[in-house]
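Read through the structure below, which is laid out as structure tokens, and then see the notes.
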Ligand SMILES: [Zn+2]
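In my numbering, the protein residues as written are 1 to 698.
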């Protein structure tokens, strides 16, 4: 339906490159963007190659992108604008109102539109899709009209939202009680406008973005620091990150001052001291704060902020993540290493992994010798992000939770709103928003560069146009079905090619033009091939895969099965945790990832977790026996602390947090989850849905 091939560099891009060279940003990796940042990020060693220079080819990442693109081109901009125009006292042009989290009565309606702006901008950048550009530009033009009508609507200059400005007054006064999370929605709008400004060069997006950021600056400048800290008790998304990003884009340091007001001391100070205070905290409220911290470090050099981000990443990846890379149960972090006790229907909110991967990119760019970052990225990308999309839906709809309970059926909406998979117009959850973003940027982390190197972090069929070096690299592979990928160079020049060798492999090899590369190829590191490259050079990378177990940190007898980078799931609907005979595992095809193994004594089919959307499945098992010959010694664990005491403690804590309180104002930020019985929120007048959070309290 659209071109899979790369596009030539436009005149505008060429001119921008020239301007950047004049400005001295010789290494600026984002020079291919239509409107690149004014300030380069500091304290950064490796830079992502801009998505305008990378295109995906066939494979599961491309398939997911195609489904989401279909939805992005289908969705009606006037429907998405309904709550904005209605709130800013403009005609809704006869548009039908949306349902779900964009219903005109839903507290934080208008949170989702920014995600669409970002996704459209990404599709224009990588695919040059002009329909997506038109959708984005129609929305930004209307958003400027909304801001221009603020006087008549009774709002302050620059305000832009689908709910009244009085919600901020109530939040600042401590009286907001309808479940709204006002700055959470503002963050999404700012981020979407910034992406349209940067990737499309749209002047309305720039105007609306800076005006709304100015409104945030004015609004927050009036508050004392203690008042501001009180405001930050209500979920506020990535406000520090996006304001820092606006600083990079505009070069105006005033936005760093505004960004700094969104430092949430109560939850970030302990992380700076490497204290895991995550138990009971709402996961997706907090991960964006760490993203803000690391971006702000890149602007200011404040090492406390770097510590916060690194410590939090290590805690979550090593002690709060399931085998598929996702985290949280009922949207909340649980005690460190509590995994086996929380294998529930409502594990792994999609947004959390989306944001953890953004955090991973940021941290790796500071420390690109550490391949563990992209081992986690690959694990979570394939086993959670890709797996959360429904491949049988032409619009690529998304599951909010990715269930890991015995007999799990993929497709579970949020506690607030319910449902199964997202829908065209009646869900608009946060995870639907991060879903359209995630599935239109799979090319953003494959290739990276520094002044002398090209990094290959992910293995997927793709084409890189490395304009800074006048080099094209074509990657040909069916990975992870095949364990081999081939990189073919076009153009010439001297640079080091650095290829991630995953920790899960053994016996990896690299051939250059059919001969051994003669370099170290060690699991859990980067293999570096330094040479003068010529057109037609080929690099063949083989990463042998085999079965391994990924055991629960809190119970060494319970675990998932992985094969190379992919976690497997069994087409077996047993509703109590079944036992797997590890010695029975067998790959049954060389051209697809299909496997067999004995579950509760019966031969069962296994497929990658990302293929497990259509049947009741088991992913965690009671482990029995040993892996087949050739697969010994490949068991992996992140902590391997088999402790009954830890499991008991986790269960007790879970009971406490699921019956605990939190005011309605903080409902979304502090509570959450099926089975919560806080009485205050059960009487909320904002309850609209038949199966929502409040109803479940009754
Ligand atoms: Zn979400």
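The C-beta atom is built at its ideal place from N, Cα and C for all residues, glycine as well.
Go ahead and pull the three-state DSSP assignment for residue 433. Locating residue 433 in the chain shown gives position 433, counting from the first residue. Residue 433: helix per DSSP, three-state reduction.
For a test of the three-state rule: what should DSSP assign to residue 563, helix, strand or coil? The residue given as residue 563 occupies position 563 in the chain shown. Reduced to three states, the DSSP call for residue 563 is strand.
Per the DSSP calculation, residue 271 is bridged to which residue(s)? The sequence position of residue 271 within the chain shown is 271, counting from 1. Residue 271 is not bridged to any residue.
Check residue 296 in the structure and name its three-state DSSP category. For the purposes of this step, residue 296 is taken as the residue at position 296 of the chain shown. Residue 296: helix per DSSP, three-state reduction.
Please report the straight-line C-alpha distance between residue 499 and residue 485, rounded to a whole angstrom. Here residue 499 refers to the residue found at position 499 of the chain shown. Here residue 485 refers to the residue found at position 485 of the chain shown. Between residue 499 and residue 485, the C-alpha separation is close to 11 Å.
Tell me the rounded alpha-carbon separation between residue 115 and residue 42. Here residue 115 corresponds to residue number 115 of the chain shown, with the count starting at 1. Here residue 42 corresponds to residue number 42 of the chain shown, with the count starting at 1. For residue 115 and residue 42, the distance between alpha carbons rounds to 27 Å.
Exposure label - residue 122; buried when at least 16 CB within 10 Å: Numbered from its first residue, the chain shown carries residue 122 at position 122. When all chains shown are included, residue 122 counts as buried.
Rounded to a whole number of angstroms, what is the C-alpha to C-alpha distance between residue 406 and residue 343? Along the chain shown, one-based indexing puts residue 406 at 406. Along the chain shown, one-based indexing puts residue 343 at 343. Between residue 406 and residue 343, the C-alpha separation is close to 8 Å.
For ligand 1, is there a heavy atom less than 7 Å away from the beta-carbon of residue 284? Position 284 of the chain shown, counted from the start, is the residue given in the question as residue 284. Under cutoff, so the answer is yes.
Could you tell me if residue 549 is buried or exposed, where buried requires 16 or more neighbouring beta carbons within 10 angstroms of its beta carbon? Here the question's residue 549 lines up with position 549 in the chain shown. Under this definition residue 549 is a buried residue.
For a quick check, are the C-beta atoms of residue 585 and residue 561 less than 8 Å apart? Taking the chain shown and counting its residues from 1, the one referred to as residue 585 is at position 585. Taking the chain shown and counting its residues from 1, the one referred to as residue 561 is at position 561. Their beta carbons are under 8 Å apart, which means residue 585 touches residue 561 by this criterion.
Are there any heavy atoms of ligand 1 lying less than 7 Å away from the beta-carbon of residue 350, as far as the coordinates show? Here the question's residue 350 lines up with position 350 in the chain shown. Answer for residue 350: yes, Cβ within range of ligand 1.
Start and end residues, beta strand (DSSP E) containing residue 622: Residue mapping note: residue 622 aligns to position 622 of the chain shown, counting from 1. Boundaries of the beta strand (DSSP E) harbouring residue 622: 621-624, taken from the DSSP string.
Beta-bridge partners of residue 48, as assigned by DSSP: Working through the chain shown from its first residue, we reach residue 48 at position 48. Per the DSSP secondary-structure output, residue 48 pairs in a beta bridge with 448.
Alpha carbon to alpha carbon, what distance is there between residue 628 and residue 178? On the chain shown, residue 178 is found 178 positions in, with the first residue counted as 1. On the chain shown, residue 628 is found 628 positions in, with the first residue counted as 1. C-alpha separation (whole angstroms): 56 Å.
Of all the alpha helix (DSSP H) runs that stay within the bounds of the segment 162-230, which reach a length of 4 or more residues? If we require 4 residues or more, the alpha helix (DSSP H) runs fully inside the segment 162-230 come out as 166-173, 182-200 and 203-221.
Contacting residues, own chain, Cβ-Cβ under 6 Å from residue 422 (five flanking each side not counted): Within the chain shown, the letter at position 422 stands for residue 422. The answer, listed in chain order, is 397, 398 and 432.
Which word fits residue 261, buried or exposed, when buried means at least 16 other C-beta atoms lie within 10 angstroms of its C-beta? Counting from 1 along the chain shown, the entry for residue 261 is found at position 261. Classification for residue 261: buried.
My guess is that residue 349 and residue 119 are in contact by the Cβ rule of under 8 Å, so how many angstroms apart are they, rounded? Numbered from its first residue, the chain shown carries residue 349 at position 349. Numbered from its first residue, the chain shown carries residue 119 at position 119. About 19 Å separates the beta carbons of residue 349 and residue 119, which is beyond the 8 Å limit, so they are not a contact pair.
By the DSSP assignment, the alpha helix (DSSP H) with residue 380 in it spans what residues? Working through the chain shown from its first residue, we reach residue 380 at position 380. Residues 372-380.
Could you check whether the Cβ of residue 400 sits closer than 7 Å to any heavy atom belonging to ligand 1? The residue labelled residue 400 in the question sits at position 400 within the chain shown. Using a cutoff of 7 Å, the CB of residue 400 counts as near ligand 1, since one of the ligand's heavy atoms is closer than that.
Once you ignore the five residues that flank residue 263 on each side, which residues in its own chain have a CB closer than 6 Å to its CB? The count along the chain shown starts at 1 and reaches residue 263 at position 263. Taken in chain order, the list of residues that qualify is empty.
Quick check: the Cα distance between residue 272 and residue 445, rounded to an integer number of angstroms? Position 272 of the chain shown, counted from the start, is the residue given in the question as residue 272. Position 445 of the chain shown, counted from the start, is the residue given in the question as residue 445. Roughly 27 Å between the two C-alpha positions.
With a cut-off of 8 Å on the beta carbons, I'd call residue 37 and residue 248 a contact; round off their distance for me. Stepping through the chain shown from its first residue, residue 37 is reached at position 37. Stepping through the chain shown from its first residue, residue 248 is reached at position 248. Residue 37 to residue 248, Cβ: 4 Å. Contact.
Nearest by alpha-carbon distance to residue 351: which of 147, 286 and 259 is it? Along the chain shown, read from residue 1 onward, the residue named residue 351 stands at position 351. Closest option to residue 351, Cα to Cα, is 286.
Please tell me whether, using a cut-off of 7 Å, the distance from the CB of residue 360 to the nearest non-hydrogen atom of ligand 1 is below it. As a first step, residue 360 must be located in the chain shown, where it is residue number 360. Short note on residue 360: C-beta not closer than 7 Å to any heavy atom of ligand 1.
As assigned by DSSP and simplified to three states, the class of residue 350: Translated into positions along the chain shown, residue 350 becomes position 350. Reduced to three states, the DSSP call for residue 350 is helix.
Cutoff 6 Å; reference residue 170; Cβ partners in own chain excluding five residues on either side: In the chain shown, residue 170 corresponds to position 170, counting from 1. For residue 170, where only same-chain residues beyond five positions count, the Cβ hits under 6 Å are 176.
So if DSSP puts residue 327 in a beta bridge, which residue, or which two residues, is it bridged to? On the chain shown, position 327 is the one that residue 327 refers to. In DSSP, residue 327 forms a bridge with 321.
For residue 379, is the classification buried or exposed, using 16 other Cβ atoms within 10 angstroms of its Cβ as the cut-off for buried? To locate residue 379, count along the chain shown from 1; it is residue 379. Residue 379 counts as buried, since at least 16 other C-beta atoms from the protein chains shown sit within 10 angstroms of its C-beta.
What residue from 513, 620, 508 and 321 has the CA that sits closest to residue 524's CA? As a working note, residue 524 is residue 524 in the chain shown. Residue nearest to residue 524 within the set 513, 620, 508 and 321 is 508 (criterion: CA-CA distance).
Leaving out the 5 sequence neighbours to the left and right, which residues in its chain are closer than 6 Å to residue 125 when beta-carbon positions are compared? Locating residue 125 in the chain shown gives position 125, where the first residue counts as 1. Exclusion of the five residues before and after residue 125 leaves 51, 52 and 199 as the residues of its chain whose Cβ lies within less than 6 Å of its Cβ.
Is residue 357 closer than 8 Å to residue 385 when the C-beta atoms are compared? The residue you call residue 385 lines up with position 385 of the chain shown. The residue you call residue 357 lines up with position 357 of the chain shown. The answer is yes: Cβ separation under 8 Å.
If I'm right that residue 545 touches residue 505 with Cβ under 8 Å, what's the distance once you round it to whole angstroms? Translated into the one-based positions of the chain shown, residue 545 becomes position 545. Translated into the one-based positions of the chain shown, residue 505 becomes position 505. So it is a contact: roughly 7 Å between Cβ atoms.
Distance, residue 554 Cα to residue 739 Cα: Lying before the first or after the last residue shown, residue 739 is absent from the chain, which here runs from 1 to 698.
Going by alpha carbons, who is nearest to residue 547 out of 210, 391, 113 and 596? Against the chain shown, residue 547 aligns to sequence position 547. Just measuring C-alpha positions, the residue of 210, 391, 113 and 596 sitting nearest residue 547 is 596.
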